[in-house]
Amino acid sequence: VRSCQTYIDDVEDAEITTIGAIGDNKIGAAVQQAWVELDVVQCGYCQSGQIMSAIGLLRENPKPTASEIDNYMYGNACRCGTYQRIRAGIQRAAEILEA
Ligand code: FES
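For the sequence shown, the numbering used here assigns the number 1 to the initial residue and increments by one for each residue that follows.
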């Protein structure tokens, strides 16, 4: 869920995980590891959203194809153009989770 498009009243009773706590769960830790291994980040501006979306994707689809990744991640703009590395990072995180 994009926090910039969500009213706090709409989630007041929901459990909320932010980027600061993603390493506390298996998928988040795998994404963090993959991002570091592949040096995904350029400037970093978009990366909180990219990483949170990557985790959402892997929760729904543990082994996404390149096309599924592109479709799911559509709308997360990266001005640095790191889309290839983001896709590779998601695929690497899926491998880590599968091992
Ligand atoms: Fe710079 Fe995405 S890494 S905007």
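Every residue, glycine too, gets a C-beta built ideally from N, C-alpha and C.
Just so you know, these numbers come straight off a predicted model, no measurement behind them.
Contact between the stretch 64 to 71 and the stretch 21 to 30 is absent, with fewer than three C-beta pairs closer than 8 Å. The three-state reading of DSSP puts Q32 in helix, counting H, G and I together.
With a threshold of 16 other beta carbon atoms within 10 Å, I16 falls short and is exposed. Straight-line spacing of the CA atoms in A29 and C80 works out to 24 Å. Applying a distance threshold of 6 Å between residue Cβ atoms and the heavy atoms of ligand 1 selects V41, Q42, C43, G44, Y45, C46, Q47, C78, R79, C80 and T82, given in chain order. Within a 10 Å sphere around the beta-carbon of V36 sit fewer than 16 other beta-carbons, which makes this residue exposed.
A Cβ-Cβ distance of about 20 Å is found for the pair V40 and R2, leaving them out of contact under the 8 Å criterion.
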